[in-house]
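For reference, the structure discussed in these notes is given below.
2 protein chains.
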Amino acid sequence: MLKINSVRLWQSLMELAQVGATAKGGVRRLTLTDIDRQGRDLFVRWCGEAGMSTEVDRIGNIFARRAGTDAQALPVAVGSHLDSQPSGGKFDGAYGVLAGLEIVRSLNDAGVRTRAPIEVAAWTNEEGSRFVPTLMGSGVFAGVFPLEKILDEKDVDGISVREALASTGYAGQAEPHRLGAYFEAHIEQGPVLEETRTTIGVVLGALGQRWFDVAITGQDSHAGPTPMQTRKDALLAASRLVLEVNRIATTFPDYARGTVGFMQVKPNSRNVVPGEVRMTVDLRNARDVTLSAMVEELKRIIAHVEKETRTEIALNEVVYFPPSEFAPDLVDSVREGAKKFGYSQRDIVSGAAHDAVYMARIAPTAMVFVPCEGGISHNEIENARAEDIVAGCNVLLHAVLERAGIDTG
Amino acid sequence: MLKINSVRLWQSLMELAQVGATAKGGVRRLTLTDIDRQGRDLFVRWCGEAGMSTEVDRIGNIFARRAGTDAQALPVAVGSHLDSQPSGGKFDGAYGVLAGLEIVRSLNDAGVRTRAPIEVAAWTNEEGSRFVPTLMGSGVFAGVFPLEKILDEKDVDGISVREALASTGYAGQAEPHRLGAYFEAHIEQGPVLEETRTTIGVVLGALGQRWFDVAITGQDSHAGPTPMQTRKDALLAASRLVLEVNRIATTFPDYARGTVGFMQVKPNSRNVVPGEVRMTVDLRNARDVTLSAMVEELKRIIAHVEKETRTEIALNEVVYFPPSEFAPDLVDSVREGAKKFGYSQRDIVSGAAHDAVYMARIAPTAMVFVPCEGGISHNEIENARAEDIVAGCNVLLHAVLERAGIDTG
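Going down the list, the sequences are from chains Z and C.
Note that the first sequence covers residues 164 to 572 in this note's numbering.
Note that the second sequence covers residues 164 to 572 in this note's numbering.
Here is the structure:
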């Protein structure tokens, strides 16, 4: 049975991790910086050495192609991103790109030809740390974001995406093209696989997200002289909402999640009843109808809490990201791949967004998750076991082959 | 019936408010600054003009004395403080000091002699804005704080109390002396009198206070990939505590109050489950035994919330200030005074600490509250109606006279 080269995959990951390596063992490879350029150059060189032809589109996405035997077949793409968080890890993104490269290398070693071409994609600026939005390259490719507008986005130093693309030499000319399928391997960035001792996460889709800013206005007053009954305590109202967001997320079905991650209290003084709170609400769900029901429930609660606490609560939606369901037949290929190797597997839904989420809008898409240590990501201590990294790539290899078709002629 | 001079009292208040006046109509007269020195000088000059002799003790408290006819009688003191918050108002403190002065002036006008001497006291650094602790001067006078330690306290610029006293010329030599009684008039700094359309608050005592720092340790994790069931959400735990503090304060008797005024969330990012929260708890009650019961209930709840949220919660007491009960006969004098003038009155408990709280430890003490606009204090917009200010001073005049005794000889 065809397998990838474990040692080569791991060594390539470690070699790429040297580009922008941090003292604590992590990676700082912000998109379209010179460090990112070095990482891209290394990837492009490896692709060339693997006999692939490379093209770059106008937002800097790199597509390295291994030709298929059927000139009419749409490419089966495998990819992810090479950029990192400011204090990121070795695996987030890099794994998915190098897993694609390793599949091609392994097919080369085995002398296997596929009917459809295989493409390895490296999407520009997935992280959104330097330029917003996140998922920039895949979003432009999928037609979610208008290219010209995105090229004008600036980082904190006033450098535009257009300028950064030019200075790194990755302002390409390729036009968007159709894909026959898209696969992405990624560390889970959550605790489920590790806690359940599962090697392969078969990703059914990604949770939809609705993000809100909440502004609560009460009246600040002295903690001593102000009786409880006359207070307009904005923090009391905020705390009620935190509990309700948690209640909603723990009682609604379909992988519901709810988080208040940010809270700012004013005047934030020990003996003053808070008059103002700003906070965020992040609601997620695998089904859009359930996600909407969660929002409606939140609104109902807010009206109630306003009365109860004599405060005013303004709710402002800032992000809406619909749930994404992956292609059932590709998801099955992932399941079958894991079964072939006897890897433990479980269905999982991605809580975070990935480039695959935008790809799912234009092509049949699936993802493979592998465990990461403590579920920790976006951190220099991000870590994963080599055997899991290898397992995910083996599964991907067979899923890709099933889709691309082995040319036995 | 003897009455104070309304116009003179108001004009003196307005004149003193020019010393350190802010653009928005407030006062910035931080303790032992040159502005405070100017305010003190003005007060001392007025006292001299009213025929009083003045002495200053080693912490800078000023005592202006109008002699009584009985050389053995302990003085009846009336006072408050001349320092203000950084953005303070015209009435907080200044009212109590100038009410004492106005009583003396009015007795002079009427040619009334008292058996006991009358003293007007201006306590150093009540606010605690420049030097900690608050209630510094009255605390030293009452033997709560050791003088030498307090003299070494420094402001943010490294200037000690000792140096500030010397530079303003208010480092006196007077030793603490005994008081026969102590009265203090003050704006309420709360909403009760205004909301109930009451002119005179007969203050029964001051709430005890127990202040806590709370540190909650959970585990930060990604809002997307982390299922609700495995989270250790420090903000969820904090919000539970906010609600419980409110429940305790609204269900316990004896003027219970409970406030979470300060909260800091880490990492405080929209899509990260908070791993750490620092917050404060301020519990107040008129009875020490009830205050202790509130603390016990809080501790019981904390143990419960720790389990429920899988977090660790550290509770650290930083201030304990026992409840203070004023002298019933002096409180009655205040009641009687209000009755004489036909002013509306109600019993009230001071939620905040005042110099009177430390005086109550060494002498029979009472306070008179008058309404302030919107219950707002420690703010440049602090305001009070002249008729209420005058009423409070009239009540005080008669309470003082009852205690000092009119010499009809």
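For each residue, glycine too, the CB sits at the ideal point set by N, CA and C.
Endpoints, the alpha helix (DSSP H) within which residue i is located
i: C/I552; result: A549 to A567
i: C/L356; result: V355 to E358
i: Z/Q201; result: D197 to E212
i: Z/L342; result: It is not in any alpha helix (DSSP H) - Z/L342 carries neither H nor E in the DSSP assignment.
i: C/G259; result: A257 to A273
i: Z/N409; result: A397 to T414
i: Z/R171; result: S169 to A180
is_contact[residue i, chain Z] using C-beta, thresh 7 Å
i: C/F425; result: yes
i: C/P339; result: no
i: C/S247; result: no
Expected contact under 8 Å - CB spacing of residue i and residue j to nearest Å
i: C/A419; j: C/T453; result: 7 Å
i: C/A562; j: C/G500; result: 5 Å
i: Z/G381; j: Z/T443; result: Contact doesn't hold; Cβ gap of about 18 Å is too wide.
i: Z/V440; j: Z/V423; result: Rounded, the Cβ-Cβ distance is 10 Å, inconsistent with contact.
i: C/I198; j: C/G183; result: 4 Å
i: Z/F304; j: Z/N434; result: Not a contact, Cβ separation roughly 55 Å.
Within-7 Å CB hit, residue i to chain C
i: Z/V497; result: no
i: Z/V288; result: One detail in the question is off: residue 288 of chain Z reads as Asn in this sequence, not Val. Answer no: the Cβ-Cβ gap between Z/N288 and chain C never drops below 7 Å.
i: Z/R433; result: yes
i: Z/V436; result: yes
i: Z/S402; result: yes
i: Z/A567; result: no
i: Z/Q352; result: yes
i: Z/A456; result: no
i: Z/G514; result: yes
Partners in chain C for residue i, counting only beta-carbon separations shorter than 9 Å
i: Z/Q174; result: Those within 9 Å of Z/Q174 in chain C number zero; the least Cβ separation is about 28 Å.
Segment limits, beta strand (DSSP E) that includes residue i
i: Z/K462; result: Counting along the chain, Z/K462 falls outside any beta strand (DSSP E), though it belongs to the alpha helix (DSSP H) covering D451 to T472.
i: Z/Q508; result: Q508 to S513
i: C/Y483; result: E475 to F484
i: Z/A529; result: T528 to V533
i: Z/V365; result: I363 to A369
i: Z/D492; result: Note, Z/D492: premise wrong, no beta strand (DSSP E); alpha helix (DSSP H) at P491 to F504.
i: C/F576; result: Nothing can be reported for residue 576 of chain C, as the shown portion of chain C is limited to 164 through 572.
i: Z/A285; result: I281 to W286
Distance between residue j and residue i (C-alpha atoms, nearest Å)
i: Z/R276; j: Z/L298; result: 32 Å
i: C/H244; j: C/E347; result: 10 Å
i: Z/M177; j: Z/E212; result: 18 Å
i: Z/P238; j: Z/N479; result: 41 Å
i: Z/D451; j: C/E358; result: 49 Å
i: C/Q352; j: Z/R410; result: 38 Å
i: C/F425; j: Z/W374; result: 25 Å
i: Z/S301; j: Z/L493; result: 19 Å
i: Z/R200; j: Z/T331; result: 6 Å
i: C/E316; j: C/V295; result: 7 Å
i: Z/R509; j: Z/V366; result: 9 Å
i: C/G274; j: C/A369; result: 35 Å
i: C/R403; j: C/Q372; result: 22 Å
i: Z/E469; j: Z/E460; result: 14 Å
i: Z/F484; j: Z/H517; result: 12 Å
i: C/G538; j: C/L195; result: 27 Å
Partners in chain Z for residue i, counting only beta-carbon separations shorter than 7 Å
i: C/M530; result: Within 7 Å Cβ-Cβ: nothing; C/M530 doesn't reach chain Z, min ~12 Å.
i: C/L398; result: V405, V423 and M426
i: C/L370; result: G387
i: C/A547; result: Within chain Z, no residue comes near C/A547; the closest Cβ sits about 14 Å away, beyond 7 Å.
i: C/W374; result: R433
Under 8 Å from the C-beta of residue i: neighbouring residues of chain C
i: Z/M391; result: N409, A412, T413, A419, R420 and G421
Neighbour list for residue i in chain Z, Cβ cutoff strictly below 8 Å
i: C/T443; result: R433
i: C/E358; result: T393
Partners in chain C for residue i, counting only beta-carbon separations shorter than 7 Å
i: Z/R447; result: G387
i: Z/S384; result: G538
i: Z/V355; result: P390
Contact set between residue i and chain Z, taken where Cβ atoms lie within less than 9 Å
i: C/G381; result: Neighbours of C/G381 on chain Z: none; closest Cβ ~12 Å, over 9 Å.
i: C/A519; result: Neighbours of C/A519 on chain Z: none; closest Cβ ~14 Å, over 9 Å.
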